[in-house]
Amino acid sequence: MSNSPVDHHHLSVVSAHSYQTEFPSEATSSSTLTGSADVESQYLTFSGFAQEILAPWQDPTGIEDWSPVAGTSSSIVDQQISPFADSVPLSTSPDTVHPRSFAITPVIERGVALFITHLYPTYPLLDQKALQSLLSETRDLDRSESTLLWSICALALVSIDHWPTLDTDKRAVACKKYIRRCHDARLAADYVEEATFYDVLASLFISVAYFELKCRNASWFYLREAITLSHAADLLDTNHTSDPAEKLRHQRTFALLYITERGACTLNNFPVSIILPPGLPTDALPDEDPSIIFGLSSLYHLFSLLDSNFVRLWNDTGLSSATAQKENELSTLQGHLREPLDMRHVSDIQRANVLVTQQWLRLIFWQSALKLSMVTSTASDSAFTYEYPIEIATSLCEVVKSLPPVAIQAHGLGIFEKQFEIAYSLLDALTLCGYSKKAQHYETLRYLLLSLSASPSSRQVYVRTLERKMGQSDDRSGGEHKYLRLTGVELLQDEPGSRLSSRRQSVWDTNARPTKEPSSQATCTAATLIGPMRAP
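With our numbering applied, the sequence shown covers 100 to 635.
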């Protein structure tokens with residue numbers, strides 16, 4: 100388990116059953132969009148527009164549970180697990196900071212406790228004492244404080260499987276409702292002009308929650324919003340605050356935004372806005388476990404390898420030409436990634452993130468070499484051979500076996516997607532390179548499937564995709580069904596015509612072994628393998 104810097108004896112203990120049946124779902128009556136002639140005859144500021152036009156407007160369906168995120172109406176099940184106790188309509192008063200009176204519920208208390216225990220090592224950005232003090236405040240919380248707590252609870256609900264009375268679907272519904280509360284609160288105030296540090300964090304946590312909900316475009320939108328708000332809140336201005344600890348948190352936040360954006364750019368071919376790596380101080384915060392900054396610095400170092408030159412190459416939709424300089428650069432990067440990292444003073448949760456990312460980056464740089472037609476069957480450097488994904492997958496298995504499962508699961512779908520990319524390339528390599536007699540490689544594949552099956556969301560998305568991939572490989576190999584006989588893994592049936600069925604196509608020409616140079620077909624299809632890799 101992680102060496103979290105939290106004194107668990109001082110955490111608010113919430114019974115597993117205290118949030119089972121909290122409150123009925125919010126219910127609001129439908130109302131129409133109204134406006135006076137005075138409003139129509141003058142220009143409105145954003146704040147005025149939100150307060151006079153948007154605030155009085157209710158959902159078109161007339162029910163609180165309607166959400167453009169969910170895309171479905173509420174149900175009896177949704178109402179039974181609603182974490183909301185009140186139904187205060189949006190106020191049009193300029194003095195109103197947030198749309199509803201904020202109530203500290205057992206769900207929020209548990210969400211904050213789970214965040215501190217499991218997610219703080221990944222997001223060491225908050226003063227934990229200040230965060231916990233918000234739960235005991237007798238005053239009304241302001242808009243940024245309320246949205247921060249709601250976003251933390253939303254993230255904890257969808258990322259951490261420690262809610263005994265809520266299954267995955269119910270937690271997803273509750274997560275969406277907390278995100279909607281953040282949206283409603285922000286509509287009641289001009290949060291862009293009055294951006295705070297808490298607003299930046301709330302947008303970041305909403306982005307991660309949307310990623311867990313498999314809403315990839317929404318996740319990207321709120322990540323970019325967090326980056327924009329960080330500029331509006333002057334996080335990069337070293338003179339903005341005289342508090343050294345607060346300044347350090349601001350710098351960490353922008354470094355994490357850089358890491359998150361680079362990851363999204365690589366996984367989804369999104370453009371980047373933070374071109375150069377920002378500075379990341381290696382100082383620990385007061386009363387913080389020093390292992391926290393060790394882990395964050397290691398992760399930051401890995402993503403710093405994805406420089407602007409790599410981003411241009413990765414997002415290039417055409418096939419670039421290989422040069423000696425590019426080959427030397429990729430060879431140097433692969434050499435760095437082969438070196439073992441010092442993880443002695445890093446918690447298990449951070450170690451999982453760093454080590455899995457290390458293996459995933461080895462695959463990313465190999466795919467870059469493949470795109471440049473540098474990969475051959477006779478290369479002296481294994482990083483430029485077709486068998487390299489097998490080597491990466493073997494290393495990944497060793498990493499996964501060395502970690503407690505909870506350390507991996509704490510990172511949600513992001514870490515499983517990296518494992519999935521490696522497992523997918525392993526399947527291609529086994530098909531192409533004729534490793535049918537080497538049982539250890541199939542054991543590697545089996546273990547990766549077991550790891551991907553540990554999370555219900557990962558099992559539904561990634562294992563199902565791999566199962567279909569394995570079925571296709573068996574058909575091409577004459578029906579030997581080697582993959583489907585891998586024991587101990589529960590594979591899910593794929594739905595014909597689903598988006599999962601067309602997620603990716605293979606670069607490999609399985610009808611023949613590779614020649615000294617890539618075939619024209621392999622060269623033409625290389626862009627398919629390393630092109631846009633959007634989640635199903």
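Glycine residues also receive a C-beta, built at the ideal position from the N, C-alpha and C atoms.
With DSSP collapsed to three states, give me the class of residue i.
i           : result
residue 204 : coil
residue 440 : coil
residue 484 : strand
residue 475 : strand
residue 210 : helix
residue 373 : coil
residue 499 : helix
residue 339 : coil
residue 290 : coil
residue 234 : coil
residue 387 : coil
residue 268 : helix
residue 226 : coil
residue 556 : helix
residue 239 : coil
residue 427 : helix
residue 352 : helix
residue 380 : coil
residue 564 : helix
residue 367 : helix
residue 216 : helix
residue 493 : helix
residue 246 : helix
residue 359 : helix
residue 334 : coil
residue 101 : For residue 101, the pLDDT reaches just 45, beneath the cut-off of 50, and the residue's location in the model is therefore unreliable, although a value from the coordinates is still provided. Three-state result, residue 101: coil.
Check whether the Cβ of residue i sits closer than 7 Å to any heavy atom of the ligand COA, and report yes or no.
i           : result
residue 325 : Although the ligand COA was asked about, the structure shown includes no ligands whatsoever.
Which residue comes first and which comes last in the alpha helix (DSSP H) that contains residue i?
i           : result
residue 306 : 296 to 311
residue 466 : 447 to 470
residue 259 : Careful: residue 259 lies outside any alpha helix (DSSP H) and carries neither H nor E.
residue 324 : 315 to 331
residue 410 : 407 to 413
residue 542 : 538 to 551
residue 513 : 512 to 532
residue 401 : 390 to 403
residue 509 : From DSSP, residue 509 is part of no alpha helix (DSSP H); its letter is neither H nor E.
Measuring alpha carbon to alpha carbon, tell me which residue in the options is nearest residue i.
i           : options               : result
residue 389 : 223, 320, 354 and 426 : 223
residue 380 : 386, 365 and 396      : 396
residue 208 : 241, 220, 247 and 243 : 247
residue 291 : 330, 378 and 213      : 330
residue 370 : 265, 411, 339 and 287 : 411
residue 539 : 366, 525, 551 and 283 : 525
residue 550 : 237, 273 and 455      : 455
residue 472 : 349, 558, 483 and 245 : 483
residue 306 : 387, 275, 288 and 293 : 275
residue 344 : 383, 365, 304 and 359 : 383
residue 372 : 351, 320, 204 and 513 : 320
residue 485 : 283, 531 and 289      : 531
residue 527 : 554, 280 and 462      : 462
residue 324 : 567, 294, 236 and 458 : 294
residue 394 : 422, 221 and 457      : 221
residue 428 : 440, 409, 442 and 414 : 409
residue 273 : 563, 287, 481 and 249 : 249
residue 378 : 354, 479 and 474      : 354
residue 495 : 487, 476, 521 and 477 : 521
residue 226 : 351, 362 and 566      : 351
Using a 10 Å radius around the Cβ and a threshold of 16 neighbouring Cβ atoms, would you call residue i buried or exposed?
i           : result
residue 517 : buried
residue 374 : exposed
residue 263 : exposed
residue 202 : exposed
residue 228 : exposed
residue 619 : Caution is warranted here: a pLDDT of 34 is assigned to residue 619, below 50, making its placement in the model unreliable, and no coordinate value can be reported.
residue 253 : buried
residue 438 : exposed
residue 232 : exposed
residue 636 : No answer is possible for residue 636: the residues shown for the chain start at 100 and end at 635.
residue 422 : exposed
residue 360 : buried
residue 477 : exposed
* Would you call the stretch 456 to 474 and the stretch 422 to 441 in contact, with 3 or more CB pairs under 8 Å? -> Verdict: yes, contact present.
* Asked: Do the stretch 499 to 509 and the stretch 398 to 416 meet, that is, are 3 or more Cβ pairs less than 8 Å apart?
  -> Judged by Cβ distances under 8 Å, the stretch 499 to 509 makes no contact with the stretch 398 to 416, as fewer than three pairs qualify.
* Cβ contact check for the stretch 435 to 455 and the stretch 500 to 519: 3 or more pairs under 8 Å -> The answer is yes - the stretch 500 to 519 touches the stretch 435 to 455, with three or more Cβ pairs under 8 Å.
* Decide if the stretch 292 to 308 is in contact with the stretch 328 to 339; the criterion is three or more beta carbon pairs, one per stretch, under 8 Å apart. => Yes, the stretch 292 to 308 is in contact with the stretch 328 to 339.
* Any contact of the stretch 301 to 320 with the stretch 254 to 263, i.e. 3+ C-beta pairs under 8 Å? -> Three or more Cβ pairs drawn from the stretch 301 to 320 and the stretch 254 to 263 lie within less than 8 Å of each other, which places the two stretches in contact.
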